Amino acid sequence: MVNIRLKDGTIKEYESGVTVYEIANDISGGLARVALGATVNGKTFELNDKIECDSEVSILTFNDDEGKRIFRHTSSHILAQAVKRLYPDVKLAIGPAIENGFYYDFDADFVITQEILDKIEAEMKKVIKEDLKLEKFYLPRDEAVKFMEEKGEPYKVELINDLQEDASISFYKQGGFTDLCAGPHLQSTGKVKAIKLLSVAGAYWRGNENNKMLQRIYGSSFTKKSELDEYLNMLEEAKKRDHRKLGKELDLFSIQDEGPGFPFFHPKGMVIRNELESFWRKIHVRNGYKEIKTPIILNEELWHRSGHWDHYKENMYFTKIDGENYAIKPMNCPGGILVYKNKMHSYRELPIRLGELGLVHRHELSGALHGLMRVRNFTQDDAHIFMTPDQIKEEVLGVIRLTDYVYKLFGFDYHVELSTRPENSMGSDEDWEHATNSLIEALNAAKLEYKLNEGDGAFYGPKIDFHLKDSIGRTWQCGTIQLDFQMPERFDLSYIGPDGEKHRPVMIHRTIFGSIERFIGILIENYAGAFPVWLAPVQVQIMNITDNQINYVKTIENKLLDDDIRVEVDLRNEKIGYKIREAQMEKIPYMIVVGDKEMEKGVVSVRHRKLGDMGTMTIDEFLDMINQKINGKVAE
RNA sequence: GCUCAUGUAGCUCAGUCGGCAGAGCACUACCUUGGUAAGGUAGAGGUCACCGGUUCGAUUCCGGUCAUGAGCUCCA
0 MVNIRLKDGT
10 IKEYESGVTV
20 YEIANDISGG
30 LARVALGATV
40 NGKTFELNDK
50 IECDSEVSIL
60 TFNDDEGKRI
70 FRHTSSHILA
80 QAVKRLYPDV
90 KLAIGPAIEN
100 GFYYDFDADF
110 VITQEILDKI
120 EAEMKKVIKE
130 DLKLEKFYLP
140 RDEAVKFMEE
150 KGEPYKVELI
160 NDLQEDASIS
170 FYKQGGFTDL
180 CAGPHLQSTG
190 KVKAIKLLSV
200 AGAYWRGNEN
210 NKMLQRIYGS
220 SFTKKSELDE
230 YLNMLEEAKK
240 RDHRKLGKEL
250 DLFSIQDEGP
260 GFPFFHPKGM
270 VIRNELESFW
280 RKIHVRNGYK
290 EIKTPIILNE
300 ELWHRSGHWD
310 HYKENMYFTK
320 IDGENYAIKP
330 MNCPGGILVY
340 KNKMHSYREL
350 PIRLGELGLV
360 HRHELSGALH
370 GLMRVRNFTQ
380 DDAHIFMTPD
390 QIKEEVLGVI
400 RLTDYVYKLF
410 GFDYHVELST
420 RPENSMGSDE
430 DWEHATNSLI
440 EALNAAKLEY
450 KLNEGDGAFY
460 GPKIDFHLKD
470 SIGRTWQCGT
480 IQLDFQMPER
490 FDLSYIGPDG
500 EKHRPVMIHR
510 TIFGSIERFI
520 GILIENYAGA
530 FPVWLAPVQV
540 QIMNITDNQI
550 NYVKTIENKL
560 LDDDIRVEVD
570 LRNEKIGYKI
580 REAQMEKIPY
590 MIVVGDKEME
600 KGVVSVRHRK
610 LGDMGTMTID
620 EFLDMINQKI
630 NGKVAE
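The first sequence begins at 0 in numbering that gives the first Met the number 0 and counts up by one.
Structural data, given as C-alpha cells:
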C-alpha cells in the first residue's frame, strides 16, 4: 500500500501501482474527466503513470500551467502527425508547448502558405476525431537512431545523438505516427477539443543563425471551443492597444521611411516624454543623484579604451571630423566616466550618483526593429554610481527600490532576470564572481524572485534586468542594474581613501525606464492610450454648444491655462455629440461643455471619458478636482 | 541579417484575369446654432513604395531595391 497526500492535505491509502487517473477518479468523477496529469513529488506524471511509493500528488487540469503544457504538447504532436500525413517528405525538428500555445518546426522544400495551413488544420481535426491513443515506449540508443534513420528524420537522429549517455530514450506513438519525445502527454488525441493554427514563421534549427532556417507553425489549443474563441478575441482586443496603432491614431509619434528605427516625436508625444522626464528628475534629486549631459559624438580612441571597440563595434555608428575618427555613442558610460575623472575624489564624496538622459544610437538588425520598443536611437534614463566596494549592496538595493517604486506607480507587473558572464567579455573570473554574488545578495535582501539568464550579461559585468509586458504579453527589458569592475580599471578611476592612498571605485550602470521610447511604448499599451491625467497630452477639452458662448469658453480656457492645465478648445460649428465623440476617441480625460445655461450661472458641465456626465460645478471646483488627480498621479 | 507575407488618397481598405483608379472617415466651402459618442450639400486630394524588364500599352506580369508586419537571431 502507498500513502498519497493530496493538495488539500488529506492522506489516502491506495494499492501500490495505482495510476494517477485512478486517484483522480477516486476523488471525483468530475475531476477524472478534466484531469490531464498530475504533479507527483514535484515531477509531472501522465494519467496512466503508476505510483509505487508514498507521494504528494496534485491532479493537474487545464487551469494549471503544467496541465496546459501537457495538453499543448500533445497538440503539437497532432500538428506533426497531420503534416506527415499530408506531406510525408517533410522533416520534423522540434515541437514544444509554449506560453499560450505550441509550435512545431518543419523542414519542407516548399513554402507553407495560408492554404496549406488550412489544409493541415483540417487534417488535425481528423486526427482529433479519430481519438488516437498515445502509447509510450523506450528504445536503446542504437535502435532509436536506427528507427529515426529509417524514417528519414535527420533532425531527430541529431537530437538522439546529443542526448546524455544515461538518458532513457522515449517515443510516443499515436496511430501511424511516432515521435521522439520525453513527454508527458495526454492519453489520446480526442481530448483536444479546440485547436487553431495561427501563423508560420522562419526559425533557425536549434536557434543558431548558422543553421538552416526551418518553417515554424504556431498554434494554440483549448479544452473548449469557447475558450479558444475567448483567446482569439483577446488577441484581437490586444491588437487595438498596439502602441504603433495608437501612436498614429493619437498623433504621438511616427516612424518614417527616411529614418527606419529613428522615431519622430509629435507635440502630443512630447508632452508625455517631458512629463516622464520631469518626474524622473524629481525622484532622482530626491534620491541623491546629480544630473549630467555628455556628448553624442566622441573620439574613437575613447571607445578603444572602454572596450566597446572590441566588444560592441558591430552595433556602433562612426563618423569622421577633420580627418579624425569619431564614434556616435551607443552607451553613456564612457562620457560619465570622463566627468568623474575630471577631478580628484575623496571617499567622503562616495557614492557619487551621476544621472544622464542620454541619447544613444545602436545599429540594431533591420528585422529586429519594432515601433518604439526596439529602435536605433533612444534616450536612456541612465545613471552611473561610483562607490567603494563596501557600498555595493546598499547601492544596488537603492536602485531596486527606486525601480520598484516607479513600476508600482504605473501599476506595472514586472519580472526580474539575473544575467551572468557572457562568452565575449572582459575581466577576471574572480571579479565576475564577486560582482554576480553582490547582485544575488541584493536581490535576496530585496526578497525579489528572479530568473537566471546564464551568459546574457553585459561585456563588462553581470546585470539585473527588469522586464515589462506589452499588450500581447511579449516582455521587454526596461530597467537594468549592471555591476562593473572593468571600466574603473580601464579608465584608472580612483578615489582617495581615509588612508590618504588612491583606491579603485566600483561602478553601477543603471536605468529605470530603460529607454524613454520603449517605456512610452509600454505605457501606451498598458493604458490603451487612455493616459492618467498627469500624463495626458490634452487634459481638458472645452466645447461650446453655440457661438453664443465663445467668449465664455475663452475665459475658462485662460483660467485653466493660468493653472498650467493642458487645455484645448473646440469652437467648431458642430453638434455637441459630434465634438464629444471626437474628444472621446482622443481619450481626453475631461471634457467641459458650456451652453447658455452654464454661462448664465457661471459654471461648467464636466464630462469624464469613462464616468460620463458628472454634472455642473464651478471652475474652481473643477480645478481642485483635476489638480488633485494630477498631483497625486492618480491612475484614472 | 535570415524566412515568409505586405506596400493603392492624411487614415482604414476595395479594385484592375494588362487598357488613362474607387469607398468610408478626415480635410475645405456653404447650409444648419444644434445640449452629452457621427446633421446636410458640394469640393479638393493619388507618378497605385522606388528602380529596371516584358508589352502597342504596366498600378496589375517578371527582377531588383527600400520600408513595414510575424517569427528567428540580437538586445534598452
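Quick reminder that beta carbons are idealized off the backbone N, C-alpha and C, glycines included. Since this is a predicted model, take the numbers as computed values, not measurements.
Suppose you measure from the CA of residue i to the CA of residue j; what does that come to, to the nearest Å?
| i | j | result |
| --- | --- | --- |
| I507 | G370 | 29 Å |
| I637 | V39 | Any property of residue 637 remains undetermined from this structure, which presents the chain solely from 0 to 635. |
| G230 | K223 | First, the amino acid is wrong: residue 230 is Tyr here, not Gly. Those two C-alpha atoms are separated by around 11 Å. |
| E148 | E235 | 43 Å |
| K628 | A634 | 8 Å |
| L368 | G260 | 6 Å |
| I26 | S169 | 30 Å |
| S225 | N62 | 15 Å |
| R352 | I194 | 54 Å |
| E524 | S167 | 46 Å |
| D23 | L364 | Per the sequence shown, the amino acid found at residue 23 is Ala instead of Asp. Rounded to the nearest angstrom, the two C-alpha atoms are 51 Å apart. |
| I579 | R243 | 25 Å |
| L559 | L534 | 16 Å |
| K596 | D241 | 41 Å |
| Y449 | K462 | 12 Å |
| G246 | Q255 | 13 Å |
| V156 | R140 | 10 Å |
Less than 8 Å between the beta carbons of residue i and residue j, yes or no?
| i | j | result |
| --- | --- | --- |
| N452 | S424 | no |
| Y316 | F458 | no |
| E51 | S15 | yes |
| Y171 | K135 | yes |
| L179 | L158 | yes |
| I291 | V359 | no |
| I511 | D612 | no |
| G454 | N286 | no |
| E416 | D464 | yes |
| V374 | P262 | yes |
| Y551 | M598 | yes |
| I127 | I58 | no |
| M386 | V284 | no |
| D643 | F490 | The chain is shown from 0 up to 635; residue 643 falls before or after that span and cannot be answered. |
| G354 | Y288 | yes |
| I544 | I575 | yes |
| A434 | L482 | yes |
| I495 | S305 | no |
Spell out the partners DSSP gives residue i in its beta bridges.
| i | result |
| --- | --- |
| H414 | H466 |
| E290 | G354 |
| A202 | L213 |
| G100 | I97 |
| M506 | F385, D483 |
| S604 | V592, T615 |
| E55 | R4 |
| I194 | S220 |
| S169 | Y137 |
Identify, in the order they occur along the chain, each residue of the same chain with its Cβ nearer than 7 Å to the Cβ of residue i, setting aside the five sequence neighbours on each side.
| i | result |
| --- | --- |
| L185 | L35, I69, F70, T73, L133 |
| L356 | E276, T378, D380 |
| D48 | T18, V19 |
| M123 | I77, L78, A81, I194 |
| G410 | A634 |
| D130 | S187, T188, G189 |
| Y86 | A107 |
| T402 | F465, G478, I511 |
Among the residues of its own chain, which have a CB less than 8 Å from the CB of residue i, if the five just before and after it don't count?
| i | result |
| --- | --- |
| F264 | L251, F252, R272 |
| A31 | Y20, A23, N24 |
| V1 | E12, Y13, E14, S15, V17, I50, E51, C52, D53, S54 |
Tell me which residues share the same chain as residue i and place their Cβ nearer than 6 Å to its Cβ, disregarding the 5 neighbours each side in the sequence.
| i | result |
| --- | --- |
| K553 | none |
| S75 | G94, F101, Y103 |
| W308 | W302 |
| G460 | A434, Q481, L482, D483 |
May I have a chain-ordered list of the alpha helix (DSSP H) segments no shorter than 4 residues that lie completely inside the stretch 113–156? 113–128, 140–150
Considering only residues of the stretch 323–363, which uninterrupted beta strand (DSSP E) runs meet the minimum length of 3 residues and lie entirely inside it, listed in chain order? 323–327, 351–360
Please give me, in chain order, every unbroken run of the beta strand (DSSP E) with length at least 3 that falls completely inside the stretch 574–601. 589–593
At what residue ranges does the stretch 512–577 contain a whole run of the alpha helix (DSSP H), taking only runs of 4 or more? 515–526, 549–561
Enumerated in chain order, which unbroken segments of the alpha helix (DSSP H) with a length of 4 residues or greater are wholly contained in the stretch 0–30? 19–26
Whole beta strand (DSSP E) runs in the stretch 249–328 with 3 or more residues, listed along the chain? 296–298, 316–320, 323–327
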